[in-house]
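Step one of this worksheet: look at the structure below.
In the numbering used here, the protein residues as written are 4 to 207.
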């Protein structure tokens with residue numbers, strides 16, 4: 004009788020160990036699977052800036068955006084965003100203005116060829132909106148910036164059939180805080196940023 008009990012205890016312990024191992028393995032796989040990498044499509048992703056010009060008009064320009072989104076659909080606040088813009092890809096519609104803005108009075112592109120935004124915290128506001136706090140590095144200076152963000156769509160791209168996601172966001176910064184001080188205060192200090200991003204899920 005004791006032999007049977009020992010065998011039963013052994014089998015029970017073995018079974019429980021197996022169940023624990025299986026549970027941990029499945030949970031780990033699920034946790035890993037919830038975070039999916041999306042690559043930003045620069046052909047459909049832009050950072051647009053808008054600034055006062057001498058009080059007469061609003062000057063605008065835009066950059067294509069590159070980067071990645073680690074999207075966690077189960078826990079959206081755990082998602083991560085990493086965006087890079089190349090300063091020399093600025094589009095204003097005026098080649099002379101582009102050249103001027105790339106110079107030392109403004110972006111000084113030869114010294115600071117790229118700007119980056121890396122998310123640090125995401126606060127959900129509703130099922131399709133969030134505040135994304137992150138570090139913006141521009142002109143060699145890093146400051147915390149808040150993006151008010153809206154989820155536009157999550158689903159398959161009808162053209163290429165790839166899983167895709169799209170967001171719109173806006174933010175306000177002051178260029179003087181980043182050391183970009185050309186023609187202040189005649190040209191505005193406050194810069195309004197409008198951001199649209201479309202990203203496609205990486206193939207495994």
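Backbone N, C-alpha and C define an ideal beta-carbon position, used for all residues, glycine too.
| Item | Value |
| --- | --- |
| Taking the straight line between their C-alpha atoms, what separation do you get for residue 97 and residue 91? | 13 Å |
| Determine the contact status of residue 127 and residue 80, defining contact as a CB-CB distance below 9 Å. | yes |
| Is the CB-CB distance between residue 180 and residue 54 below 9 Å? | no |
| What did DSSP end up calling residue 104 once you bin it into helix, strand or coil? | helix |
| To the nearest angstrom, how far is it from the Cα of residue 162 to the Cα of residue 50? | 24 Å |
| Buried or exposed: residue 74, going by 16 or more other Cβ atoms within 10 Å of its Cβ? | buried |
| Would you mind sorting residue 120 into buried or exposed? The rule is 16 or more other CB atoms within 10 Å of its CB. | buried |
| Determine the direct distance from the alpha carbon of residue 65 to that of residue 177, and round the result to whole angstroms. | 17 Å |
| Would you report the Cα separation of residue 169 and residue 63, rounded to the nearest angstrom? | 22 Å |
| For residue 93, does the count of other Cβ atoms within 10 angstroms reach 16, so buried, or fall short, so exposed? | buried |
| For residue 67, which three-state DSSP category applies? | strand |
| For the 8 Å Cβ check, are there 3 or more pairs between the segment 98-108 and the segment 128-135? | no |
| Please name the residue or residues paired with residue 195 in a DSSP beta bridge. | 53, 175 |
| Using beta-carbon positions only, say whether residue 43 and residue 200 come within less than 9 Å of one another. | yes |
| If you draw a straight line from the alpha carbon of residue 59 to that of residue 189, how long is it in whole angstroms? | 11 Å |
| Could you work out which residue in 166, 141, 111, 130 is closest to residue 153 when comparing CA atoms only? | 130 |
| Figure out for me which residue from 37, 149, 196, 203 has the closest Cα to the Cα of residue 78. | 37 |
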